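Participant:
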Amino acid sequence: MKKILFSMLFLVMLSSSCASGRHRRDVRMTQDRIPAKQSSYRIRGTDEVGTLSPSQKSKLRAWTYSWRWPTNEVKVTSQFGIRSGDHHDGVDLHAPMGTQVRAAGDGKVIYSASKIRGYGRMVVIRHDGKLSTIYAHNSKLLVKAGQSVRRGQLIALSGNTGHSTGPHVHFEVREGITAINPMVLLPDPRVANEANRRMLGDERRREPARSKHSSRAETEMFSQSSTIRYDRSGVTAAARVAENDGFSPKTPRK
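Per our numbering, residue 904 is the first one in the sequence shown, and the count goes up by one each step.
1. Let me confirm a value: E1097 is counted as buried when at least 16 other C-beta atoms fall within 10 Å, else exposed. Which label applies?
2. Among the residues of its own chain, which have a CB less than 6 Å from the CB of T1036, if the five just before and after it don't count?
3. Helix, strand or coil for M1086 per DSSP?
4. Nearest-angstrom Cα distance between L1089 and L1034?
5. Can you round the beta-carbon distance between S900 and S1042 to whole angstroms, since I take them to be within the 8 Å contact cut?
6. Can you name the start and end residues of the beta strand (DSSP E) that S1035 belongs to?
7. Can you name, in chain order, every residue of its own chain whose Cβ lies under 6 Å from the Cβ of D1158, other than the five neighbours on each side?
8. Using CA atoms only, rank isn't needed, just tell me which of I1083, Y1038 and D1009 is closest to G1055.
9. Among the residues of its own chain, which have a CB less than 7 Å from the CB of H1048, if the five just before and after it don't count?
10. Who are S981's beta bridge partners in DSSP?
11. Could you check the C-alpha separation between D1031 and G988 for me, to the nearest Å?
12. Determine the closest residue to P1050 out of I1083, R1020 and V1026, with distance taken between C-alpha atoms.
13. From the DSSP secondary-structure annotation, give me the bridge partner or partners of K1011.
14. Grab the span of the beta strand (DSSP E) containing E1078 for me, first residue to last.
15. Need the endpoints of the beta strand (DSSP E) that R971 sits in, please.
16. Under 7 Å Cβ to Cβ from G1001, same chain only, skipping five residues before and after it: list those, please.
17. What is the residue span of the beta strand (DSSP E) that A1059 lies within?
18. Please check the pair Q1003 and L1044, which I expect to be a contact at CB under 8 Å, by giving their CB distance rounded to whole angstroms.
19. Where does R1024 fall in DSSP's three states?
20. Rounded to a whole number of angstroms, what is the C-alpha to C-alpha distance between G984 and H991?
21. In angstroms, rounded to a whole number, what distance separates the CA positions of V1046 and R986?
22. Could you tell me the alpha carbon to alpha carbon distance between A1082 and K978, rounded to whole angstroms?
23. Less than 7 Å between C-beta atoms, sequence neighbours within five positions excluded: which residues of the same chain meet that for Y1038?
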């Protein structure tokens, strides 16, 4: 893969994985990888087994109760971590074409376009501090850069743009340019689904009905997406957007 050099950025990839029940740490210097400290919790300051300090536990609880998933029905189809020999910096959520995509929390839209390689039509929201969320592969963008959004606000419709083999939502959480596993910051999907069924039942019933045949075809198509290898230059560009409050002309385009 062709490497993209960024004059303002040095990247250190610090990753650990679990092989045969044992933790393995691999440290490498490279220009086309995202700096990451991969651990069980994927939060800065944790040790190898992912132990959280009291202050981190407090922050985690605050995020868990104040944030929501981008889709009303939460079905994770691809987890955070190593996938097909590469690192998947977010989670993929099952979302048939045109599914409503909502802001995970209050914040400001710092990017809403399709100029980042591989991500298709993408929205990036900056939250408090350096925390940002990324929503990729949308069919339609409903917000603009500079716009303030509230938790649960409709920001896009899901799609199949960019490097994708089927409709879904690619969702990332980043602290600066470091990818964090959304599964440890957001409510348990089962709890979220039950809450959404209770609070959003009327809204979901108003959504267009989908045939079983269409849903099955989309699911079969999306199941192939685990073989996709994201262009790391595009991932680096997305991270720079999250870090720098917007799109840079030097960012590689699709």
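Even glycine gets a Cβ: it sits at the ideal position worked out from N, Cα and C. Since we're looking at a predicted model, the values are computed, not measured.
Facilitator: Quick answer:
1. exposed
2. A1007, I1028 and V1076
3. helix
4. 13 Å
5. Residue 900 lies beyond the range of the chain shown here (904 to 1157); nothing can be said about it.
6. L1034 to L1044
7. Residue 1158 lies beyond the range of the chain shown here (904 to 1157); nothing can be said about it.
8. D1009
9. According to the sequence shown, residue 1048 is Ala rather than His. Same-chain partners within the cutoff: V1012, I1013, Y1014, S1015 and G1149.
10. D995
11. 33 Å
12. Inspection of the sequence shows that residue 1050 is occupied by Gln rather than by Pro. Nearest of I1083, R1020 and V1026 to Q1050, Cα basis: V1026.
13. R1029 and S1051
14. H1071 to E1078
15. First-last for R971: undefined, no H or E at that position.
16. S1042, L1060 and S1061
17. L1057 to S1061
18. Actually they do not touch by this definition, with Cβ atoms about 13 Å apart.
19. strand
20. 5 Å
21. 31 Å
22. 20 Å
23. P973, V1004, M1025, V1026, I1058, A1059, V1072 and F1074
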